[in-house]
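Q: I'd like to ask you about the structure that follows.
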Amino acid sequence: MNRFYVVVGVVAVVLAVAVFALLKSGGGASAAAAGPPPTVVDDGFRGYTLGSETAPVEITEYLDYECPVCATFTTIQMPTIKEQLINTGRVRWRFRDYPLPIHKYSRFAAHAVQCAGAQGKFFQMQDQLFYHHQWAQTGKDPASLFRDLARAAGVDLNAYDSCMEKGQFAARIEFSRQEGDQKLVDGTPTFFANGTKLTFRRLPGSDDFKAVVDSMIAHASRRPGRQASATH
Amino acid sequence: MRYRQAIALLALVGLFVALYLWLHALGFGGAIKCGASGGCETVQTSPWAVFLGLPVAFYGVVGYLAILIVALMALRPAALTKKSWSVTLLGLATLGVLFTGYLTYLELFVIHAICRWCVGSAVIIAAIWVVAVWGLRRNDGTTE
Numbered sequence: 542m543n544r545f546y547v548v549v550g551v552v553a554v555v556l557a558v559a560v561f562a563l564l565k566s567g568g569g570a571s572a573a574a575a576g577p578p579p580t581v582v583d584d585g586f587r588g589y590t591l592g593s594e595t596a597p598v599e600i601t602e603y604l605d606y607e608c609p610v611c612a613t614f615t616t617i618q619m620p621t622i623k624e625q626l627i628n629t630g631r632v633r634w635r636f637r638d639y640p641l642p643i644h645k646y647s648r649f650a651a652h653a654v655q656c657a658g659a660q661g662k663f664f665q666m667q668d669q670l671f672y673h674h675q676w677a678q679t680g681k682d683p684a685s686l687f688r689d690l691a692r693a694a695g696v697d698l699n700a701y702d703s704c705m706e707k708g709q710f711a712a713r714i715e716f717s718r719q720e721g722d723q724k725l726v727d728g729t730p731t732f733f734a735n736g737t738k739l740t741f742r743r744l745p746g747s748d749d750f751k752a753v754v755d756s757m758i759a760h761a762s763r764r765p766g767r768q769a770s771a772t773h
Numbered sequence: 205m206r207y208r209q210a211i212a213l214l215a216l217v218g219l220f221v222a223l224y225l226w227l228h229a230l231g232f233g234g235a236i237k238c239g240a241s242g243g244c245e246t247v248q249t250s251p252w253a254v255f256l257g258l259p260v261a262f263y264g265v266v267g268y269l270a271i272l273i274v275a276l277m278a279l280r281p282a283a284l285t286k287k288s289w290s291v292t293l294l295g296l297a298t299l300g301v302l303f304t305g306y307l308t309y310l311e312l313f314v315i316h317a318i319c320r321w322c323v324g325s326a327v328i329i330a331a332i333w334v335v336a337v338w339g340l341r342r343n344d345g346t347t348e
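Protein chains in written order, with the working numbering: chain R, 542 to 773; chain P, 205 to 348.
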């Protein structure tokens with residue numbers, strides 16, 4: 542019996558060391574932009590949008606740049622959504638940051654995209670990060686790679702470096718994350734249609750959004766004078 | 205007695221697997237160690253990684269800890285002859301298997317991604333259940 546408890550103790554110590562080593566080897570953050578700011582100020586910014594200002598339906602997406610599902614959604618589903626819903630004036634798509642705490646570089650990535658956005662290259666940089674998403678699988682410091690991607694997106698690197706160094710948009714990103722918390726965002730990507738949270742039984746595709754938008758527009762057209770509201 | 209010892213050791217291993225996933229979900233450490241497939245990230249960042257407001261791995265920690273404590277208590281000399289401890293262990297293992305089955309269904313048919321750590325945990329809880337059933341059928345607790 543006593544020998545058994547010795548075995549239990551030894552196994553527990555070995556496993557504890559293994560877990561500690563696994564957590565320790567996760568990598569380290571590299572820049573001020575990688576962390577949350579000491580204070581959060583509302584600068585009035587509510588996310589970059591894609592689509593017509595007069596579109597009857599607005600989809601708000603809370604995303605995390607290190608999240609593989611967000612990358613898959615953007616690269617696989619968004620082209621069809623743009624073609625069928627956004628370019629046709631039926632949907633306006635709003636992008637909000639929701640960096641998850643389990644991701645070491647998602648806040649840093651969101652900051653890189655915001656710095657590119659300050660130069661009018663938000664969507665180009667977003668595509669660079671999602672279409673070259675291998676960086677999120679390596680666990681390595683992506684700062685150097687992000688500069689290369691920013692250059693490929695057409696971003697001026699001097700202004701980009703200054704923006705990243707200052708952590709210029711750290712408060713904006715944290716504000717967006719806290720906004721997501723208030724709206725009970727519990728994972729990424731999470732979607733809202735005209736303010737109503739969308740719940741899907743599986744990861745949604747372009748057909749799911751088409752069904753939601755069709756339903757909302759049809760519902761609104763039956764009730765003249767009312768804004769389309771989410772019923773899905 | 206050996207069945208209960210085996211359950212205790214399996215629960216100990218499962219506890220540390222769940223602990224790693226839980227600490228990762230809380231933001232400790234960097235990218236999860238999961239090979240190049242990224243399945244763990246997909247699962248861990250999905251909306252189904254949170255159950256009743258808490259990371260799913262937290263329930264694994266609580267479940268394995270409960271099984272470990274009960275198994276160790278069942279190994280006390282005074283408890284060795286009591287079958288009720290074996291029944292309790294089987295009940296806890298059954299709960300764990302059912303919850304794991306639900307999570308595995310989500311991985312396969314909803315999230316469409318497999319997390320190796322989750323598979324490891326599923327194997328461990330299934331093994332605990334088999335040992336618990338085996339121990340009960342062999343009258344563990346009544347013949348010792």
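Positions of the beta carbon are idealized from the N, C-alpha and C atoms, including for glycine.
Between the C-alpha atoms of P:T292 and P:G324, what's the straight-line distance to the nearest angstrom?
A: The residue you call residue 292 of chain P lines up with position 88 of the second sequence. The residue you call residue 324 of chain P lines up with position 120 of the second sequence. Those two C-alpha atoms are separated by around 23 Å.
Q: Compare the C-alpha of P:G218 against each of P:G257, P:G305, P:K286 and P:A270 and name the closest.
A: What you label residue 218 of chain P is simply residue 14 of the second sequence in a count that begins at 1. Selection P:G257, P:G305, P:K286 and P:A270 evaluated against P:G218 yields P:A270 as nearest (Cα-Cα).
Q: Under 8 Å Cβ-Cβ, which residues of chain P neighbour R:G728?
A: Numbered from its first residue, the first sequence carries residue 728 of chain R at position 187. Per Cβ cutoff of 8 Å: T249, S250, P251, W252, A253 and V254.
Q: Using only the alpha-carbon positions, how far apart do P:R280 and R:V547 sit?
A: In the second sequence, counting from the first residue as 1, residue 280 of chain P sits at position 76. In the first sequence, counting from the first residue as 1, residue 547 of chain R sits at position 6. Each residue's alpha carbon lies about 15 Å from the other.
Q: Please check the pair R:R637 and R:E602, which I expect to be a contact at CB under 8 Å, by giving their CB distance rounded to whole angstroms.
A: Taking the first sequence and counting its residues from 1, the one referred to as residue 637 of chain R is at position 96. Taking the first sequence and counting its residues from 1, the one referred to as residue 602 of chain R is at position 61. Taking C-beta atoms under 8 Å as the contact rule, R:R637 and R:E602 qualify, at a distance of about 7 Å.
Q: What residues in its chain sit with their C-beta under 8 Å from that of R:F664, if we drop five residues either side in the sequence?
A: Stepping through the first sequence from its first residue, residue 664 of chain R is reached at position 123. For R:F664, the CB contacts under 8 Å within the same chain, skipping 5 residues up- and downstream, are Y589 and L591 in chain order.
Q: For a contact meaning CB atoms closer than 8 Å, what does R:A596 contact in chain C?
A: Judged by its chain identifiers, the structure shown contains no chain C, and its protein chains are R and P.
Q: Are the beta-carbon atoms belonging to R:M757 and R:A734 less than 8 Å from one another?
A: Start at 1 with the first residue of the first sequence, and residue 757 of chain R comes out as number 216. Start at 1 with the first residue of the first sequence, and residue 734 of chain R comes out as number 193. In this structure, R:A734 lies closer than 8 Å to R:M757 by Cβ.
Q: Using a Cβ-Cβ cut-off of 8 Å (strictly less than) and excluding sequence neighbours within five positions of P:W226, which residues of its own chain qualify?
A: As a first step, residue 226 of chain P is located in the second sequence; it is residue number 22 there, counting from the start. So the qualifying residues of the chain are P259, A261, F262, G264 and V265.
Q: Report the rounded CA-to-CA distance for P:L230 versus P:M205, giving the unit in angstroms.
A: In the second sequence, the residue the question calls residue 230 of chain P occupies position 26. In the second sequence, the residue the question calls residue 205 of chain P occupies position 1. Computed Cα separation, rounded: 37 Å.
Q: In chain P, what lies closer than 8 Å to R:T731 by C-beta?
A: What you label residue 731 of chain R is simply residue 190 of the first sequence in a count that begins at 1. P251, listed in chain order.
Q: Measuring only the C-alpha atoms, how far is R:F649 from R:Q625?
A: Within the first sequence, numbered from 1, the residue matching residue 649 of chain R stands at position 108. Within the first sequence, numbered from 1, the residue matching residue 625 of chain R stands at position 84. Rounded to the nearest angstrom, the two C-alpha atoms are 32 Å apart.
Q: Which residues in chain P sit within 7 Å of R:F545, going by Cβ to Cβ distance?
A: By 1-based counting over the first sequence, the position of residue 545 of chain R is 4. Those within 7 Å of R:F545 in chain P are Q209.
Q: Does R:R743 come within less than 8 Å of chain P when only Cβ atoms are used?
A: Residue mapping note: residue 743 of chain R aligns to position 202 of the first sequence, counting from 1. So yes, R:R743 belongs to the interface.
Q: Using the C-alpha atoms, what's the distance from R:T616 back to R:D755?
A: Residue 755 of chain R sits at position 214 when you count from the first residue of the first sequence. Residue 616 of chain R sits at position 75 when you count from the first residue of the first sequence. If you take the alpha carbons of R:D755 and R:T616, they lie about 23 Å apart.
Q: Check this for me: beta carbons of P:I211 and P:A275, under 8 Å apart or not?
A: Translated into positions along the second sequence, residue 211 of chain P becomes position 7. Translated into positions along the second sequence, residue 275 of chain P becomes position 71. Yes. Within cutoff.
Q: Taking only beta carbons into account, state which residues of the region 306–326 of chain P come closer than 9 Å to chain R, listed in chain order.
A: Within the region 306–326 of chain P, the residues whose Cβ lies closer than 9 Å to some Cβ of chain R are F313, V314, I315, H316 and A317, listed in chain order.
Q: Run through the region 626–650 of chain R for me and flag every whole beta strand (DSSP E) of 3 or more residues, listed as ranges in chain order.
A: With a minimum length of 3 residues, the continuous beta strand (DSSP E) runs that stay inside the region 626–650 of chain R are 632–638.
Q: If P:L216 and P:L272 are in contact, beta carbons under 8 Å, what's the gap, nearest whole angstrom?
A: For the purposes of this step, residue 216 of chain P is taken as residue 12 along the second sequence, with counting starting at 1. For the purposes of this step, residue 272 of chain P is taken as residue 68 along the second sequence, with counting starting at 1. So it is a contact: roughly 6 Å between Cβ atoms.
Q: Anything in chain R within Cβ reach of P:Y224, meaning under 8 Å, just list it in chain order.
A: Taking the second sequence and counting its residues from 1, one reaches residue 224 of chain P at position 20. By Cβ distance, chain R contributes V560, L563 and L564.
Q: Considering only their Cβ atoms, is the gap separating P:I315 from R:L725 smaller than 8 Å?
A: Here residue 725 of chain R is taken as the residue at index 184 of the first sequence, counted from 1. Here residue 315 of chain P is taken as the residue at index 111 of the second sequence, counted from 1. It is not a contact, given that the beta carbons lie outside the stated cut-off.
Q: In or out: R:L675 buried (at least 16 other Cβ within 10 Å) or exposed?
A: Position 134 of the first sequence, counting from 1, holds the residue named residue 675 of chain R. In the sequence under discussion, the amino acid at residue 675 of chain R is Gln, which differs from the Leu named in the question. Exposed is the call here.
Q: Rounded to whole angstroms, what's the CA-CA distance from R:S736 to R:V582? Just pull it up for me.
A: What you label residue 736 of chain R is simply residue 195 of the first sequence in a count that begins at 1. What you label residue 582 of chain R is simply residue 41 of the first sequence in a count that begins at 1. For the record, residue 736 of chain R in the displayed sequence is Gly; it is not Ser. Roughly 22 Å separates the two Cα atoms.
Q: I'd like to confirm the pairing. Which residues does DSSP put opposite R:T737 in its beta bridges?
A: As a working mapping, residue 737 of chain R is identified with position 196 in the first sequence. R:A734.
Q: Applying a beta-carbon distance threshold of less than 9 Å, which residues of chain R neighbour P:A404?
A: For chain P, the structure presents residues 205 to 348; residue 404 of chain P sits outside this window and is missing.
Q: If R:D682 sits next to R:S647, beta carbons under 8 Å apart, how far is it from one beta carbon to the other, in whole angstroms?
A: On the first sequence, residue 682 of chain R is found 141 positions in, with the first residue counted as 1. On the first sequence, residue 647 of chain R is found 106 positions in, with the first residue counted as 1. Contact flag wrong, Cβ pair sits at about 14 Å.
Q: Taking C-beta pairs closer than 9 Å, name the residues in chain R that P:L349 reaches, listed in chain order.
A: It is not possible to answer for residue 349 of chain P, since the shown part of chain P is limited to 205 through 348.
Q: Tell me whether R:D727 is buried or exposed, calling it buried when 16 or more other Cβ atoms sit within 10 Å of its Cβ.
A: Looking up residue 727 of chain R in the first sequence gives position 186. When all chains shown are included, R:D727 counts as buried.
Q: Could you say which of R:I643, R:R635, R:H652 and R:A612 lies nearest to R:Y701 if we only look at CA atoms?
A: For the purposes of this step, residue 701 of chain R is taken as the residue at position 160 of the first sequence. Out of R:I643, R:R635, R:H652 and R:A612, R:H652 has the C-alpha closest to the C-alpha of R:Y701.
Q: Would you kindly report the start and end of the unbroken beta strand (DSSP E) that includes R:Y606?
A: Counted from its first residue, the first sequence places residue 606 of chain R at position 65. Element bounds for R:Y606: n/a, residue is neither H nor E.
Q: Give the straight-line distance between the Cα atoms of R:F671 and R:D749, rounded to the nearest whole angstrom.
A: Here residue 671 of chain R is taken as the residue at index 130 of the first sequence, counted from 1. Here residue 749 of chain R is taken as the residue at index 208 of the first sequence, counted from 1. So the alpha carbons of these two residues sit roughly 21 Å apart.
Q: Is there a C-beta anywhere in chain R that falls below 8 Å from the one on P:A331?
A: The residue given as residue 331 of chain P occupies position 127 in the second sequence. For P:A331, the answer is no, since every Cβ of chain R falls outside 8 Å of its Cβ.
Q: Using only the alpha-carbon positions, how far apart do R:T621 and R:C608 sit?
A: Counting from 1 along the first sequence, the entry for residue 621 of chain R is found at position 80. Counting from 1 along the first sequence, the entry for residue 608 of chain R is found at position 67. R:T621 and R:C608: Cα-Cα distance of roughly 20 Å.
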